[in-house]
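Take the position in the sequence shown, starting the count at 1, then add 424; the result is the number in our numbering.
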Amino acid sequence: MEFDLPKEQSSIIKVIGVGGGGCNAVNHMFQQGIKDVNFVICNTDAQALDTSPVPNKIQLGPGLTKGRGAGSHPSTGKDATMESLKEVKDLLEKNTEMVFVTAGMGGGTGTGGAPVIARTAREQGILTIGIITMPFGFEGKRRRQQAEQGLKEMRDNVDAILIISNDKLREIYGNLEFNAAFAKADDILATAAKGIAEIITVPGYVNVDFEDVKTVLRNSGLAIMGSARANGENRALEAVKNALASPLLNDSDISGATNILLNISSGAKPVLMDEISEITEFVQEAAGNDCDIIWGNCSDSALEDDILVTLIATGFETEKERKDRQSKETVIRMTLGSEEKADTPEQSAEEHFPTNQTPETPFLKQENDTPKNEDTTVKFELTTDNGKPRQFSFEFDGSMYEDEKEEDDAVGMNDETEAADDDMGMKVYMQKDVEEEHDEDNHM
């Protein structure tokens with residue numbers, strides 16, 4: 425099926441729907457309208473393409489499927505997309521700098537074809553964002569397994585991915601009619617694409633340009649997004665709180681993000697400086713002080729007296745990174761002796777503190793035994809008098825357990841290691857193998 429998208433009329437941003445779910449979402453976006461974005465639908469089902477209002481269409485694998493769909497087989501969806509790959513490449517070559525690939529995972533065409541299209545876009549140097557939905561639990565185990573595999577392949581072939589759980593929508597919105605449930609998912613997909621695209625395409629007083637978007641999204645992996653609008657006296661705080669409670673966040677939060685793209689839009693009632701400060705400070709506190717926030721402000725007359733807050737957070741630790749880190753760490757939880765309360769007023773200090781520990785010496789609680797003679801990282805969690813945990817870690821090698829008591833060149837640690845927490849004005853001592861040392865003394 426042919427299409428015509430003249431280069432001079434082509435936007436740098438394209439939204440491509442793949443398969444039944446992806447095409448339905450793009451149909452919805454097309455009818456809603458997103459400023460300066462081109463829409464494309466790709467499907468093996470010729471009938472679904474014919475009934476779509478979207479003008480730019482690619483029939484995937486007409487020779488393979490004869491226009492009858494992929495039969496819920498991802499391998500068929502993949503092969504059909506490979507058959508039509510030249511048309512996809514021709515489309516992407518038309519002035520494209522950013523592409524959204526949206527699909528529902530679990531079926532045939534979207535699950536098998538979307539990763540192929542995403543990989544093709546990324547190989548051409550295009551910033552590639554995946555927006556996908558995961559199936560409802562009642563859709564069956566096989567569909568769920570296919571969805572998980574499709575999600576893995578999408579993750580491997582996009583710069584950033586937004587994941588919307590249909591079960592999460594059901595949890596939030598309750599027992600909707602069947603069609604209404606899928607319509608709600610389409611709304612969320614449209615909000616995600618619109619929220620990111622219009623950060624670039626809608627002019628503002630403080631613009632967020634395409635380079636800013638690339639900084640946040642390029643090679644960033646999992647992205648989470650929130651968007652909400654509010655009015656009234658406390659509209660700024662209400663909007664940012666609701667944005668952080670958005671179903672787009674999929675039970676996640678923004679703590680641990682390294683980059684956040686934040687857009688603040690207003691209508692007839694302009695945003696105030698205090699409102700901008702309130703929003704940015706709230707986001708910074710939620711994300712942490714190490715997070716870099718790029719923010720912009722634009723005007724949208726459709727908002728009237730409302731304020732709209734949209735944020736995209738990226739740069740989270742991946743599951744593999746987390747597992748690699750945890751495999752190298754021995755966690756020692758340490759509570760100050762002053763936190764340990766005697767059971768009765770008569771309990772003496774000798775009864776309260778273990779041998780060779782005093783109220784001035786931290787009381788060590790060790791969850792895992794440190795492996796001897798092995799390189800390791802020890803992470804401490806120090807609980808202070810106000811109950812607020814503080815964490816820090818040291819790297820050292822197994823020679824700490826040797827009789828030679830050699831100094832660790834990296835951190836200068838010996839048998840009794842001292843570290844200072846400057847913020848808290850206290851010293852923490854790590855003591856090792858106290859009982860073993862006493863046993864050795866007794867045998868001498």
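Heads up, the beta-carbon is just placed ideally off N, CA and C, and yes, glycines get one too. Computed from a predicted model, the values in this text were never measured in an experiment.
| Item | Value |
| --- | --- |
| Where DSSP assigns a beta bridge to residue 620, which residues make up the other side? | In the DSSP output, where bridge partners are listed per residue, residue 620 has none listed. |
| Indicate whether residue 524 and residue 632 have their beta-carbon atoms separated by less than 7 Å. | no |
| Helix, strand or coil: how does DSSP classify residue 439 here? | strand |
| Among the residues of its own chain, which have a CB less than 8 Å from the CB of residue 726, if the five just before and after it don't count? | 691 |
| From residue 384 to residue 510, what does the alpha carbon distance come to, in whole angstroms? | Nothing about residue 384 can be read from this structure; the chain reaches only from 425 to 868. |
| The beta strand (DSSP E) spanning residue 504 covers which residue range? | Residue 504 -> not in any beta strand (DSSP E); alpha helix (DSSP H) instead, spanning 498-507. |
| Helix, strand or coil: which one does DSSP assign to residue 483? | strand |
| With DSSP collapsed to three states, give me the class of residue 652. | strand |
| So, at 7 Å on beta carbons, what are the nonlocal neighbours of residue 435 in its own chain, with the 5 sequence-adjacent residues on each side left out? | 460, 461, 462 |
| Who are the near neighbours of residue 536 in its chain, counting only those whose CB is closer than 8 Å to its CB and skipping five residues on each side? | 494, 497, 498, 499, 500, 501, 502, 503, 504, 505, 574 |
| What does a CB cutoff of less than 8 Å around residue 600 pick up in its chain, not counting 5 residues either side in sequence? | 594, 608 |
| Leaving out five residues before and five after residue 441 in sequence, what residues of the same chain have Cβ atoms less than 6 Å from its Cβ? | 447, 449, 450, 465, 526 |
| Please tell me whether residue 687 and residue 623 are closer than 7 Å, where the distance is taken between their beta carbons. | yes |
| Roughly how many whole angstroms lie between the Cα atoms of residue 715 and residue 468? | 43 Å |
| Would you decide whether residue 483 is buried or exposed? Buried here means 16 or more other CB atoms lie within 10 Å of its CB. | buried |
| Helix, strand or coil: how does DSSP classify residue 762 here? | For residue 762, the pLDDT reaches just 42, beneath the cut-off of 50, and the residue's location in the model is therefore unreliable, leaving the point undetermined. |
| Would you report the Cα separation of residue 740 and residue 457, rounded to the nearest angstrom? | 31 Å |
| Tell me which residues share the same chain as residue 487 and place their Cβ nearer than 7 Å to its Cβ, disregarding the 5 neighbours each side in the sequence. | 507 |
| Decide if residue 768 is buried, meaning its Cβ has at least 16 other Cβ atoms within 10 Å, or exposed. | Because the pLDDT at residue 768 is just 48, under 50, the model does not fix this residue reliably, and the point stays unresolved. |
| CB residue 578 to CB residue 556, shorter than 7 Å? | yes |
| Taking only three categories from DSSP, how would you classify residue 475? | coil |
| Return the first residue and the last residue of the beta strand (DSSP E) that residue 716 is part of. | 716-723 |
| Can you grab the Cα-Cα spacing for the pair residue 485 / residue 589, in whole Å? | 29 Å |
| Can you tell me whether DSSP reads residue 543 as helix, strand or coil? | helix |
| Between which two residues does the beta strand (DSSP E) carrying residue 733 extend? | 731-738 |
| Expressed to the nearest angstrom, what Euclidean distance is found between the alpha-carbon atoms of residue 695 and residue 643? | 33 Å |
| From 648, 652, 550, pick the residue whose C-alpha is nearest to that of residue 518; which is it? | 550 |
| Got a sec? Which residues, its chain only, sit under 8 Å from residue 473 by beta carbon, not counting five neighbours each side? | 425, 447, 465, 467, 481, 483 |
| Near residue 638, which residues of its chain fall below 7 Å by C-beta distance, leaving aside the five closest residues on each side in sequence? | 551 |
| Looking at the unbroken alpha helix (DSSP H) that takes in residue 700, where does it start and where does it end? | 697-711 |
| Just curious, the beta strand (DSSP E) that residue 660 is in, first and last residue? | Careful: residue 660 lies outside any beta strand (DSSP E), inside the alpha helix (DSSP H) at 659-668. |
| For the beta strand (DSSP E) containing residue 582, list its first residue and its last residue. | Premise fails: residue 582 is in no beta strand (DSSP E) and is neither H nor E. |
| Which word fits residue 701, buried or exposed, when buried means at least 16 other C-beta atoms lie within 10 angstroms of its C-beta? | exposed |
| Please say whether residue 711 and residue 684 have beta carbons closer to each other than 7 Å? | yes |
| Residue 529 by DSSP, collapsed to three states: which one? | coil |
| Would you decide whether residue 514 is buried or exposed? Buried here means 16 or more other CB atoms lie within 10 Å of its CB. | exposed |
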